[in-house]
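Q:
In the numbering used here, the protein residues as written are 1 to 401.
(1) With distances taken from CA atoms, which of 77, 157 and 119 is nearest residue 33?
(2) For residue 107, count the other beta carbons within 10 Å of its own beta carbon; 16 or more makes it buried, fewer makes it exposed. Which is it?
(3) Can you pull the DSSP bridge partners for residue 291?
(4) Closest to residue 415 by CA distance: which of 27, 122, 71 and 231 is it?
(5) Which value, in whole angstroms, describes the spacing of the CA atoms of residue 164 and residue 8?
(6) Where does the unbroken alpha helix (DSSP H) through residue 108 begin, and where does it stop?
(7) To the nearest angstrom, how far is the alpha carbon of residue 15 from that of residue 166?
(8) Residue 80 and residue 13 - do their beta-carbons sit closer together than 8 Å?
(9) Is the region 188–195 close to the region 324–333, with three or more CB pairs under 8 Å?
(10) Pull up the distance between the alpha-carbon of residue 404 and that of residue 215, whole angstroms please.
(11) If the criterion is Cβ atoms closer than 8 Å, does the pair residue 231 and residue 349 meet it?
(12) Between which two residues does the alpha helix (DSSP H) holding residue 407 run?
(13) Near residue 375, what residues of its chain come up, given a Cβ to Cβ distance below 6 Å and the 5 sequence neighbours on each side ignored?
(14) Return yes when the Cβ of residue 52 is within less than 8 Å of the Cβ of residue 11, no when it is not.
(15) Between the C-alpha atoms of residue 25 and residue 381, what's the straight-line distance to the nearest angstrom?
(16) Residue range of the alpha helix (DSSP H) that residue 38 falls in?
(17) Can you look up residue 226 in the DSSP assignment and give me helix, strand or coil?
(18) Helix, strand or coil for residue 48? Go by DSSP, reduced to three states.
(19) Leaving out five residues before and five after residue 371 in sequence, what residues of the same chain have Cβ atoms less than 7 Å from its Cβ?
(20) Can the beta-carbon of residue 126 be found closer than 8 Å to that of residue 143?
(21) Taking only three categories from DSSP, how would you classify residue 77?
(22) Grab me the residues of residue 60's own chain with a C-beta within less than 6 Å of its C-beta, minus the 5 sequence neighbours each way, in chain order.
(23) Among 315, 319, 299 and 336, whose alpha-carbon lies nearest the alpha-carbon of residue 326?
(24) Where do the ends of the beta strand (DSSP E) carrying residue 201 lie?
(25) Ignore the nearest five residues each way along the sequence and tell me which others in residue 151's own chain have a CB closer than 8 Å to its CB.
(26) Could you tell me if residue 55 is buried or exposed, where buried requires 16 or more neighbouring beta carbons within 10 angstroms of its beta carbon?
(27) Give every residue of the same chain whose Cβ lies closer than 7 Å to the Cβ of residue 17, excluding the five residues on either side of it in the sequence, and list them in chain order.
(28) Indicate the three-state DSSP secondary structure (helix, strand or coil) for residue 336 in the structure shown.
(29) Need the endpoints of the alpha helix (DSSP H) that residue 306 sits in, please.
(30) Starting from residue 165, follow the alpha helix (DSSP H) in both directions and report where the run begins and ends.
(31) Assuming contact is defined by CB atoms lying nearer than 8 Å, are residue 67 and residue 50 in contact in what I supplied?
(32) Starting from residue 8, follow its DSSP beta bridges and name the residues at the other end.
(33) Return the CA-CA distance between residue 223 and residue 233, expressed in angstroms with no decimal places.
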């Protein structure tokens, strides 16, 4: 696995009852220092980023729900459980909100991935609730000490904890990561196909074009569809193979007790969207979805995948679109699966979209983008790319280039 790096998050649960220079701000600097130290270690191959409260959440979300969702998607939870009422003669306590988040984290990701920080200058460990005293606690005191030395000590202990978790596999969820790679591959394949419709063949399929596609707005899509010409190869693809692959993933996911159910629901939404998109794009439902110019794009050549490799029975309806270089050579520009014979005969024909269908087609694209955003929200916010599959695609291009 590789490609786009997945930024595994460390969630920092802080409190502002105590001075910033001894707790909130000071401890954040310790965590950041630990992250930077881990980044420099060759033996530690997981990319980490710091997350906290409702950072990077726009608008005015339900704070509790937003924080809990962030905790669900974090690899390690770090909490400042220092006593906030040390001068009070009654029962001593850490910040109540921190305790709520800590309790949720213990159930969501497990105590083994929780690190507690405790400032002894505001209370002894005996002031903590009994069940907390038994947990992984990094204590510190700044009285009569150099702050830089204590910062180094805390950072080193966080690093040691993280290394221990990493070495024992605590920072990895093999099942979830494996399923995510599979789903991301299907999503990126569909984005690739839709990208070719929206941006044509000049933009390529770089990470920038993926980001640009996912940030498209309704007016932009409508304008593009109104003013663009398409060839049949761009617009007639069937996504049945992607649907079939995702259905298999759903079955595995639902039957697995190790995978969260919310992402499984998003995969089901993807499956339903593909079925709806293919139905809308079929000759039976919308025979006049695209209007033919009766002209051909002669700079391209369509080749059956079967004619290249007769042993490849897995994709019997797969075709390649070659950009002609000379009489003997062509470069792979696109690929896709085509089932309807009438459409296969017109893969090089130039079309425009019927104005009557632009609004509904736009809504389908926007619905797909929304589902992808929901998937990313539930799976760490970024794609994981399977480099082996990317190599297979590049290898096909090289053989035909």
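Just so it is clear, CB atoms sit at the ideal spot from N, CA and C, and this is done for glycine as well.
A: Inspection of the coordinates gives the following:
(1) Of the candidates 77, 157 and 119, the residue whose Cα lies closest to the Cα of residue 33 is 157.
(2) Looking at its Cβ environment, which holds fewer than 16 other Cβ atoms inside 10 Å, residue 107 is exposed.
(3) Bridge partners of residue 291: 352.
(4) Because the chain is modelled from 1 through 401, residue 415 falls outside the range shown and cannot be assessed.
(5) Rounded to whole angstroms, the separation of the alpha carbons of residue 8 and residue 164 is 16 Å.
(6) Residue 108 -> alpha helix (DSSP H) spans 96–108.
(7) About 28 Å.
(8) A contact, by the Cβ cut-off of 8 Å.
(9) A contact between stretches requires three or more CB pairs, one per stretch, nearer than 8 Å, and the region 188–195 fails this requirement with the region 324–333.
(10) Coverage of the chain is limited to positions 1 through 401, which leaves residue 404 absent and any answer about it impossible.
(11) In this structure, residue 349 lies closer than 8 Å to residue 231 by Cβ.
(12) Given a span of 1 to 401 for the chain in the structure shown, any question on residue 407 remains unanswerable.
(13) Same-chain partners within the cutoff: 266.
(14) Going by beta carbons, residue 11 and residue 52 fall inside the 8 Å limit.
(15) If I take the Cα positions, the gap works out to 26 Å.
(16) Residue 38 -> alpha helix (DSSP H) spans 24–39.
(17) The three-state reading of DSSP puts residue 226 in helix, counting H, G and I together.
(18) If DSSP states are grouped into helix, strand and coil, residue 48 belongs with the strands.
(19) Closer than 7 Å at Cβ, skipping near neighbours: 266, 269, 270 and 273.
(20) No. Outside cutoff.
(21) Judged by DSSP in its simplified three-state form, residue 77 adopts strand.
(22) With a pLDDT of only 42 at residue 60, under 50, the local geometry of the prediction cannot be trusted, and the value read off the model is given with reservation. Excluding sequence positions up to five before and after residue 60, its CB lies less than 6 Å from no other CB in the same chain.
(23) Considering only alpha carbons, the answer is 299.
(24) It is not in any beta strand (DSSP E) - residue 201 carries neither H nor E in the DSSP assignment.
(25) Within the same chain, residue 151 has close Cβ partners 26, 29, 30 and 33.
(26) Residue placement at residue 55 cannot be trusted, given a pLDDT of 48 that sits under 50; the coordinates are not used to answer.
(27) Only 84 and 95 meet the Cβ criterion.
(28) The DSSP-derived three-state label of residue 336 is strand.
(29) Run containing residue 306: 305–308, per the alpha helix (DSSP H) assignment.
(30) From DSSP, the alpha helix (DSSP H) with residue 165 extends over 147–167.
(31) In this structure, residue 50 does not lie closer than 8 Å to residue 67 by Cβ.
(32) For residue 8, which the question treats as bridged, DSSP gives the partners 48.
(33) Each residue's alpha carbon lies about 21 Å from the other.
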